[in-house]
Every structure is written in C-alpha cells, then in structure tokens.
Amino acid sequence: MKLAAKFFLISLIAGVTLTGNVSAAERFIVVASTTSTVNSGLFDYLLPKFTSKHGLQIRVVGVGTGQAIRVARRGDADVLFVHHKKSELAFVRAGFGVGRSDVMFNDFVIVGPGKGKGNDPAKVGQTESVISAYKAIANSKSIFTSRGDDSGTHKKSLSIWQTALKMAPSSNGVKWYRETGSGMGATLNIASSMNAYTLTDRATWENFKNKGELKILFEHDPLLQNQYGIIKVNPARHKHVKSKEANTFINWILSTEGQAAINNYRLNTKQVFFANAKK
Amino acid sequence: MSDFNEAFSAAFALILSFESSLAEIVGLSLQISLIAVLLASLIGLPLGAALAVFRFPGRTTLVVILNALMGLPPVVVGLIVYLILSRSGPLGTLGLLFTPTAMIIAQTILITPIIAALTRQSTETLWNEYAEQFSSLGTPPKETVIALLWDNRFSLVTTILAGFGRASAEVGAVMIVGGNIDHVTRVMTTTIALETSKGNLALALGLGVILLCLALGVNAAAFIINEAAIKRHG
C-alpha cells in the first residue's frame with residue numbers, strides 16, 4: 006500500500022515537472038505531417054514565424070503519409086498536413102477531417118548512379134517521360150529501391166509502376182526491385198550504398214548528405230508533381246481536437262503571409278516548395 | 066576510417082559549441098531515463114526480492130516469464146503504449162501521447178522486468194545463505210524482503226545501471242510514443258535516428274559518441290559513490 010502510494014506520488018511529481026516545463030504554460034496543437042516537410046527543414050523555417058505571431062506552439066510529428074493519416078484518424082493530431090490527395094479526400098469523406106485545402110507542391114525526381122563506371126545503366130537520363138524512365142529501369146533490370154511503406158512517395162511510385170508495367174514489380178518477385186520498408190532517408194541511404202535508382206521528393210534529396218555516387222537523373226514530368234494538402238481533424242468525431250487553434254494555423258498557412266513564407270524558403274539556395282493555395 | 070574521424074570531430078565540435086538545442090536534448094534524455102529507472106526500481110526491486118523469498122504455486126513460471134520479459138522488443142512496448150494512450154485508446158482522455166510522460170511510461174515498462182529479474186537472481190543467492198537465520202529469528206516476510214534488499218544494495222546498483230543503460234539507449238519505443246517532436250519529445254536516440262535519415266552520418270555518429278560519454282559518466286558516478294559507500298559501511 007505504502008509502495009503504491011509512493012509510486013503514485015513520484016509519477017505524479019514526474020508528470021507535473023515534465024509536462025510543466027514544456028507544455029502547461031504554452032498553447033499547442035499537434036500536426037501529423039510527413040518526413041519530407043520535417044527533414045527538408047521547412048517547418049524549422051516556417052513555424053517560428055507563426056508561433057511568434059500567434060503564440061501557438063506547433064508540435065509536428067513527422068512520419069510517412071499513410072502513418073500520419075492513421076495518427077489523425079485515431080484523433081492523435083489536430084491537423085493533418087500530407088501529400089497524397091486521394092487518401093486525403095478519402096479521409097475527409099470518411100468523416101475524420103473537415104475541409105481540405107491545397108497548400109503547396111514540390112516534385113519527385115528519380116535519383117540513381119550518376120558518376121563513374123556504373124553511370125546510369127538504364128539510361129533514364131535519356132528518356133522523355135517518367136513512364137519510359139521506369140520502363141528503362143525494368144528492362145535493364147537495374148536495382149530500384151522503393152520505400153515499401155504506406156507513404157505518399159511509395160504510393161506515387163507504385164502508380165507509376167502500374168502505368169509502366171501494368172503491374173507492381175513486387176508481385177512477381179523480381180530481384181532488381183527492392184522494398185526497404187523504411188522512410189525516405191533510410192531508403193536513400195540504402196540506394197546510396199547499393200548504387201540503386203529510387204524515387205524521392207526533391208526537398209529530402211536536396212537536404213540529404215550521404216549522396217555518394219547518386220544524382221538526379223530524371224526530373225520535370227507533370228506526373229511527378231507532388232501536391233500537399235492540409236486538413237483539420239474533425240472535432241465532431243474527436244471532441245478534444247483544438248478546433249480554434251487548428252483554424253488559426255490552417256488560416257495562417259493559407260494566407261498571403263504563410264504562402265509567401267513557403268515561397269521564401271530556400272534549401273541550398275534553391276526553392277523546393279511552391280505555394281499554391283487557392284485564393 | 067575518415068568516417069570515424071569525421072564523427073569524432075563532429076562530436077567534439079558539438080560539445081565545444083555547447084549548443085542550447087544539444088543541451089536541451091541531452092537534458093531531456095537524462096530526465097526521462099532517470100525517472101523511468103526510478104519508477105522501475107520502485108516496482109522491480111521489491112518484486113524481484115519478493116520472488117526470491119516467497120514460495121508459492123506458479124512461482125517458477127513467473128520467474129521464467131519475468132526473465133523472458135527482459136527481452137521485450139522496444140517497438141512492441143512502444144506500440145502497446147501508443148494504442149493505450151492514443152485518443153482512441155482506453156487512456157486517451159489523459160492526452161499523454163506525444164509527451165515526455167508517455168516516453169517515461171514506455172521506458173518504465175521496458176526496464177522493470179530487467180530490474181526485477183536481475184534483483185530476483187542476486188537476492189536469491191543471498192537468501193540461500195540467510196534463509197535459516199531469518200526463519201530462526203522469525204522475521205516477518207516484509208522485513209525479510211527489506212533486509213535482503215538493503216544487504217544486497219551494492220550489487221543492486223549494477224542491476225539499476227543495467228536498466229538505465231537499456232532505457233537511455235533504446236529508440237523504438239520513444240520514437241513511437243513521443244513522436245520525436247522538436248523541443249518537446251526529441252531525445253538523443255531519436256535525434257540520432259533523424260540525422261541518419263537525413264544522411265548526416267557523421268553528425269549522427271557524433272551524437273552517438275556523446276550518448277556513450279553520458280552513459281560512461283552516469284556509470285562512473287554510480288561506481289564512485291558505490292565504492293565510497295562500501296568503504297564506509299561495507
């Protein structure tokens with residue numbers, strides 16, 4: 006009995022001191038987002054601007070799009086900020102979110118071995134479209150790594166494979182197609198060490214430090230545009246959702262000010278995110 | 066080799082610059098793991114000692130289970146705690162997911178079996194020596210447990226350190242329940258995972274060196290205090 010009391014007391018003190026010094030004084034919302042927005046440094050640039058103006062802390066949980074959607078479905082976030090329009094609309098249709106707005110876009114690129122002897126074995130650099138680039142990789146049986154998780158990037162890659170080969174390469178167990186089952190960064194690390202091709206968003210690629218012999222071999226296809234959307238988690242479904250605060254953040258990011266901040270963000274002097282919210 | 070040189074210089078540069086963000090991350094790591102060790106010790110030490118002393122049906126099964134739980138995969142613990150603390154889970158109303166408290170809970174679950182099982186092991190050895198003495202004196206069970214723990218205190222320090230090592234080094238559980246949120250739930254191990262995913266391998270390894278130094282510091286401090294205590298009371 007005494008022990009149980011002690012345990013409670015201590016966990017109480019621990020809980021209070023810990024949450025006390027980081028959150029109790031501050032208002033915050035949780036945003037479920039993707040690794041690309043976190044790893045690229047975009048949020049590090051955007052959020053202080055927002056927080057200093059509105060005094061609202063934004064806590065970003067950066068995971069793959071699929072996982073972010075599941076986090077939001079369970080009500081563990083107030084706002085969802087991801088990049089797979091089809092899943093986003095399904096999320097809203099199922100009643101988990103209210104309203105979906107375009108925020109910005111970036112694009113995907115194909116990176117692969119671009120230096121030295123093994124220079125672009127599939128010759129994707131000479132192809133005209135992303136579909137023929139994928140076909141060229143399949144025809145030359147060059148190693149291609151894909152994330153194999155439920156992320157927006159993986160879904161995009163699968164849809165390109167579907168168009169190029171009329172099937173997912175994983176379905177017939179080919180050796181050159183390898184699903185890593187991990188995030189974009191980990192997949193790039195693997196591609197870098199195997200000199201493999203992979204599809205990545207440009208922002209993560211630009212900020213990636215372990216490129217090895219990889220470089221961008223194919224880019225600029227309309228199919229490779231990557232649209233980001235923002236959705237408020239439905240307060241009718243999850244009572245605790247901080248609706249007012251969520252609106253403040255969403256309205257800011259869609260405002261002229263928020264959109265300009267996105268356009269002003271530079272990664273290695275390059276603009277990687279392009280604001281395109283509807284006025 | 067150059068990779069490792071780069072990692073070490075990254076580590077030294079980080080320590081020398083003493084960035085406030087690094088101090089924050091290190092501080093949070095220590096805070097979370099030390100509280101988890103404290104809670105796990107409060108549960109694990111008496112539990113382990115009681116298992117060593119008392120004989121009851123199913124005791125052997127319990128000991129085996131406890132030993133097996135030392136190998137609890139952190140990711141699984143993380144998932145279970147996530148599902149419990151999630152807004153859609155049984156304790157969702159507390160709003161603890163993605164907070165340091167959630168990380169403490171996960172680490173406590175992870176290391177309590179380690180502390181309890183190792184305590185059971187070392188206390189049982191002691192109990193085999195003292196059993197006759199205690200029963201001839203007619204010491205009540207509760208006092209027996211306390212006396213054994215007290216007598217065994219110097220070797221239990223290592224047990225507690227083993228728990229601390231596991232808590233401060235694991236990444237799977239705290240990543241899931243903490244969410245690796247900047248300035249809120251970002252600790253050493255999740256930072257290392259994040260920097261690795263950015264391809265900053267030298268920086269990641271450099272942070273690993275700092276984490277190792279931290280473990281070394283805690284262990285050295287425990288060792289010195291323990292030695293001093295043995296000299297005085299031993």
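Protein sequence lines correspond, in order, to chains A and B.
Note that the first sequence covers residues 6 to 284 in this note's numbering.
Note that the second sequence covers residues 66 to 299 in this note's numbering.
The C-beta atom is built at its ideal place from N, Cα and C for all residues, glycine as well.
Small disclaimer: the values here were computed from a predicted structure and weren't measured.
Rounded straight-line distance, which links the Cα of residue j to that of residue i
i, j, result
"S28 of chain A", "V252 of chain B", "Low confidence applies to S28 of chain A: its pLDDT is 44, below 50, so where it sits in the model is not reliable, and the reading given next is rough at best. Approximately 16 Å between the Cα atoms of the pair."
"I115 of chain A", "S151 of chain A", "11 Å"
"R75 of chain A", "K90 of chain A", "15 Å"
"G153 of chain A", "V68 of chain A", "14 Å"
"L107 of chain B", "N217 of chain B", "15 Å"
"L272 of chain B", "G264 of chain B", "14 Å"
"L202 of chain B", "W215 of chain B", "18 Å"
"S187 of chain B", "L226 of chain B", "15 Å"
"S248 of chain A", "R185 of chain B", "51 Å"
"P122 of chain B", "I174 of chain B", "25 Å"
"F163 of chain B", "M240 of chain B", "9 Å"
"A127 of chain A", "A143 of chain A", "8 Å"
"W210 of chain A", "V43 of chain A", "13 Å"
"T190 of chain B", "T256 of chain B", "41 Å"
"E235 of chain B", "P139 of chain B", "7 Å"
"T132 of chain A", "I258 of chain A", "37 Å"
"G188 of chain A", "A285 of chain B", "37 Å"
"V47 of chain B", "I130 of chain B", "Past the edges of chain B, shown from 66 to 299, lies residue 47 of chain B, and the structure says nothing about it."
"T252 of chain A", "I34 of chain A", "For clarity, residue 252 of chain A is Asn in the given sequence; the question names Thr instead. N252 of chain A and I34 of chain A: Cα-Cα distance of roughly 10 Å."
"F254 of chain A", "R242 of chain A", "20 Å"
"S67 of chain B", "V274 of chain B", "16 Å"
"E71 of chain B", "A171 of chain B", "34 Å"
"A280 of chain B", "T166 of chain B", "22 Å"
"L288 of chain A", "T70 of chain A", "What is shown of chain A runs 6 to 284, which leaves residue 288 of chain A out entirely."
"N26 of chain A", "V249 of chain B", "In this predicted model, N26 of chain A has a pLDDT of only 49, less than 50, meaning its place in the structure is not dependable; the value taken from the coordinates is given anyway. C-alpha separation (whole angstroms): 10 Å."
"L104 of chain B", "A88 of chain B", "24 Å"
"A30 of chain A", "V97 of chain A", "Because A30 of chain A sits at a pLDDT of 48, beneath the cut-off of 50, its placement in the model cannot be relied upon, and the following sentence gives the value as read from the coordinates. Cα to Cα, A30 of chain A sits roughly 32 Å from V97 of chain A."
"E184 of chain A", "L163 of chain A", "11 Å"
"A191 of chain A", "K216 of chain A", "12 Å"
"I80 of chain B", "W192 of chain B", "46 Å"
"I290 of chain B", "G109 of chain B", "22 Å"
"S137 of chain A", "S82 of chain B", "50 Å"
Beta-carbon proximity check, residue i vs residue j, cutoff 7 Å
i, j, result
"A238 of chain B", "V91 of chain B", "no"
"D206 of chain A", "S41 of chain A", "yes"
"A152 of chain B", "D83 of chain A", "Note that residue 152 of chain B is Arg in the sequence shown here, rather than Ala. Not closer than 7 Å, so no."
"Y270 of chain A", "L47 of chain A", "yes"
"S45 of chain A", "A208 of chain A", "yes"
"I145 of chain B", "L156 of chain B", "no"
"I179 of chain B", "G136 of chain B", "no"
"R105 of chain A", "E93 of chain A", "yes"
"N111 of chain A", "N231 of chain A", "yes"
"G117 of chain A", "Y202 of chain A", "yes"
"M109 of chain A", "F279 of chain A", "yes"
"A266 of chain A", "K54 of chain A", "yes"
"D107 of chain A", "G234 of chain A", "yes"
Residue nearest to residue i in terms of C-alpha spacing, selected from the options
i, options, result
"K296 of chain B", "B:F219, B:L270, B:N245 and B:I180", "B:F219"
"I148 of chain A", "A:D125, A:S156 and A:L170", "A:D125"
"Y139 of chain A", "A:L204, A:S156 and A:F86", "A:L204"
"I236 of chain A", "A:T192, A:S164, A:G102 and A:W210", "A:G102"
"T261 of chain A", "A:N281, A:S134 and A:L94", "A:N281"
"T168 of chain A", "A:N215, A:K214, A:L228 and A:T158", "A:L228"
"L277 of chain B", "B:N193, B:H298, B:R231 and B:T261", "B:R231"
"G119 of chain A", "A:F223, A:A266, A:T158 and A:A265", "A:F223"
"E250 of chain A", "A:G100, A:K54, A:I63 and A:P53", "A:I63"
"E197 of chain B", "B:V118, B:A258, B:M168 and B:K207", "B:V118"
"L183 of chain B", "B:F77, B:P111, B:Q172 and B:S74", "B:P111"
"H225 of chain A", "A:S57, A:V66 and A:V129", "A:V129"
"A76 of chain B", "B:I290, B:I289, B:A293 and B:A269", "B:A269"
"N239 of chain A", "A:L85, A:V66 and A:L52", "A:L85"
"N268 of chain A", "A:K220, A:S198 and A:L51", "A:L51"
"S134 of chain A", "A:W166, A:K180 and A:D107", "A:W166"
"E208 of chain B", "B:I246, B:F69 and B:A114", "B:A114"
"N256 of chain A", "A:L170, A:V277, A:K284 and A:Q276", "A:K284"
"A181 of chain B", "B:N132, B:F199 and B:S200", "B:N132"
"K160 of chain A", "A:K146, A:S145, A:G186 and A:K180", "A:G186"
"V277 of chain A", "A:V66, A:F113 and A:T56", "A:F113"
"V179 of chain A", "A:G157, A:S145 and A:V65", "A:S145"
Whole-angstrom C-beta distance between residue j and residue i, which should lie under 8 Å
i, j, result
"H245 of chain A", "G243 of chain B", "Actually they are not in contact, since the Cβ atoms of H245 of chain A and G243 of chain B sit about 19 Å apart, beyond 8 Å."
"S233 of chain B", "S98 of chain B", "4 Å"
"V87 of chain A", "A73 of chain A", "5 Å"
"L116 of chain B", "L134 of chain B", "Rounded, the Cβ-Cβ distance is 13 Å, inconsistent with contact."
"I176 of chain B", "A101 of chain B", "6 Å"
Complete runs of the alpha helix (DSSP H) confined to the stretch 133-175 of chain B [at least 4 residues]
Whole alpha helix (DSSP H) segments, 4+ residues: 139-150.
Any chance you could list the beta strand (DSSP E) runs of at least 3 consecutive residues sitting entirely within the stretch 33-69 of chain A, in chain order?
Listed in chain order, they are 61-68.
Ranges of the alpha helix (DSSP H) found wholly within the stretch 125-159 of chain A, counting only runs of at least 4:
Complete alpha helix (DSSP H) runs here, min 4: 135-144.
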